[in-house]
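Okay, so here's the structure we're looking at.
Chains as they are written, first to last, in my numbering: chain V, 2 to 112; chain S, 106 to 220.
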């Protein structure tokens, strides 16, 4: 089952610009996580936001969560070429220990 | 360095052949997971294990088998019953089982292709 759906599927920006990716999900959650995947590599955990949190920051990353709209956004500020990767959201379905991943947003940051 | 090691990086399977993908972790994590990733797709859960000698089917377990004889190791066998095995396989682990608010740590994957 595909719980999270990222939007857009692909995003191309210039270095220094901000990148915003969105994730929508269908059922109630306890928390939502964002991961990054460089081409041909495994996923790397970026940030986890709990259902009772609305916003969380980590360095140049800002994540928001709107449980009433069942959506989350990931903002990368002052993007760099090294941010080029695919970004996935993952949710727990009703608190399950299993994560359900979306299809990802492919971000390209042009130097 | 602690982490998850998957091997081999590339693997080729002949018709009717079973192949085994290795996953080893030295993070002392209880839970381990196997995912399949197809091009342009998200990850789909194949099997997961919360503790040694125990594992559960995920969403797409048909044609796959696993074992968890040691805490550090969670090998995945792709059997001949899996008719479309070409994909990128990712192994992951998390500290404890049964708790959703934990990050998962991933290996760098095995790319399996059909000869």
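In this text, a Cβ means the ideal position worked out from N, Cα and C, and glycines have one as well.
Computed from a predicted structure; not experimentally measured.
What residue 71(V) touches in chain S, judged by beta-carbon distance under 8 angstroms, is nothing: the nearest beta carbon there is about 17 angstroms away.
Around residue 86(V), the same chain offers 37, 38, 39, 108 as residues with beta carbons nearer than 7 angstroms, after the five sequence neighbours per side are excluded. By the rule that beta-carbons nearer than 9 angstroms mark a contact, residue 98(V) touches chain S. For the C-beta of residue 81(V), not a single chain S residue is nearer than 7 angstroms; the gap to the nearest is close to 22 angstroms. Within the same chain, 129 come within 6 angstroms of residue 178(S) by CB-CB distance, once the 5 residues on both sides are set aside. Within chain S, the C-beta atoms nearer than 7 angstroms to that of residue 51(V) come from 206, in chain order.
The residue from 133(S), 144(S), 184(S) with its alpha-carbon nearest to that of residue 197(S) is 133(S). For residue 186(S), the nearest beta carbon of chain V is not closer than 9 angstroms to its own beta carbon. A distance below 9 angstroms separates the beta carbons of residue 91(V) and residue 34(V). Just so you know, the alpha carbons of residue 26(V) and residue 6(V) end up roughly 6 angstroms apart. At a cut-off of 9 angstroms, the C-beta of residue 46(V) has a neighbouring C-beta in chain S. Using a CB distance cut-off of 9 angstroms, residue 216(S) counts as an interface residue toward chain V. Residue 86(V): member of the beta strand (DSSP E) spanning 86–93, first to last residue.
Residue state for residue 197(S) is assigned as strand, using DSSP reduced to three classes. Looking from the CA of residue 219(S), the closest CA among 154(S), 120(S), 110(S) belongs to 120(S). Using a 10 angstroms sphere on the CB of residue 117(S), the tally of other CB atoms stays under 16, which defines it as exposed. Residues of chain S whose Cβ lies closer than 9 angstroms to the Cβ of residue 42(V) are, in chain order, 211, 213, 214.
153, 155, 163, 164: these are the residues of the stretch 151–165 of chain S whose beta carbon lies less than 8 angstroms from some beta carbon of chain V, given in chain order.
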